[in-house]
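Participant: For what it's worth, the working numbering labels the leading residue of the sequence shown as 79, then goes sequentially.
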Amino acid sequence: MKESSGRDSDRRSHETAEFVLVAEAAILRAFRDRLFSREQAIPVTDLVERMTNRLPIRRDDLTAAVRRLTASEALRLDSASAVESVSITARGLDRLGTLGFGVRPANNDWQSLTQCMRRVESRLQGSAA
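1) Could you tell me whether the segment 131-139 touches the segment 156-174, using the rule of 3 or more Cβ pairs below 8 Å?
2) How many angstroms separate the CA atom of Arg169 from the CA atom of Glu102?
3) Please name the residue in Asp172, Val161, Asp111, Arg197 whose C-alpha comes closest to that of Ala152.
4) Buried or exposed, going by whether 16 or more other CB atoms sit within 10 Å of the CB of Asp111?
5) Determine the DSSP secondary structure at Ile166, reduced to helix, strand or coil.
6) Taking the alpha-carbon positions, what's the Ser74 to Gly204 distance?
7) Please look up how many angstroms separate the CB atoms of Val100 and Val122, rounded, as I've assumed it's under 8 Å.
8) Would you decide whether Asp138 is buried or exposed? Buried here means 16 or more other CB atoms lie within 10 Å of its CB.
9) Taking buried to mean at least 16 other C-beta atoms within 10 Å of its own C-beta, is Leu125 buried or exposed?
10) Which same chain residues end up closer than 7 Å to Ala119 when comparing Cβ atoms and leaving out the 5 residues on each side of it in sequence?
11) Of all the options Glu117, Ser150, Ile105, which has the alpha carbon lying nearest to the alpha carbon of Met129?
12) Please state the DSSP three-state secondary structure of Leu177.
13) Mapping the DSSP letters down to three states, classify Ala95 as helix, strand or coil.
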């Protein structure tokens with residue numbers, strides 16, 4: 079029993095990491111598609127809300143993706159704002175043009191991310207039909 083529980087936990091954490099990568103790709107893609115302004119900061123709560131309305135991605139994954147993008151300096155926290163806001167940086171703009179969706183996943187696991195993004199996009203297309 080404990081072995082299966084350990085495997086379930088490993089699988090869940092792997093899937094969560096994949097979904098965070100998909101969320102990162104989706105956020106960067108939204109900037110590429112000009113869903114968000116490249117010049118003005120957007121409150122993180124608005125960004126997460128607009129992304130969850132657009133894609134079937136969990137809020138926790140989007141929030142984790144914002145944190146990772148901020149840590150990698152693809153997004154910048156706007157310290158002048160009273161509300162936690164982010165804007166895309168030059169590094170983030172550079173990432174927009176790489177590897178299709180703009181994310182270079184950990185461990186070079188691009189194939190896994192691509193498959194996960196395809197699943198997300200097929201669900202999105204299915205709900206739009």
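Glycine is no exception: its CB is placed at the ideal position from the N, C-alpha and C atoms.
Facilitator: Let's see:
1) Taking a cut-off of 8 Å on C-beta distances, the segment 131-139 does not touch the segment 156-174, as fewer than three cross pairs fall below it.
2) 14 Å
3) Checked all of Asp172, Val161, Asp111, Arg197; the closest Cα to Ala152 is Asp172.
4) With fewer than 16 neighbouring CB atoms inside 10 Å of its own CB, Asp111 falls in the exposed class.
5) The three-state reading of DSSP puts Ile166 in strand, counting E and B together.
6) Because the chain is modelled from 79 through 207, residue 74 falls outside the range shown and cannot be assessed.
7) Rounded, the Cβ-Cβ distance is 18 Å, inconsistent with contact.
8) exposed
9) buried
10) Asp156, Ser159, Ser163, Val164, Ser165
11) Ile105
12) In this predicted model, Leu177 has a pLDDT of only 44, less than 50, meaning its place in the structure is not dependable; the value taken from the coordinates is given anyway. Leu177 falls in the coil class under three-state DSSP.
13) helix
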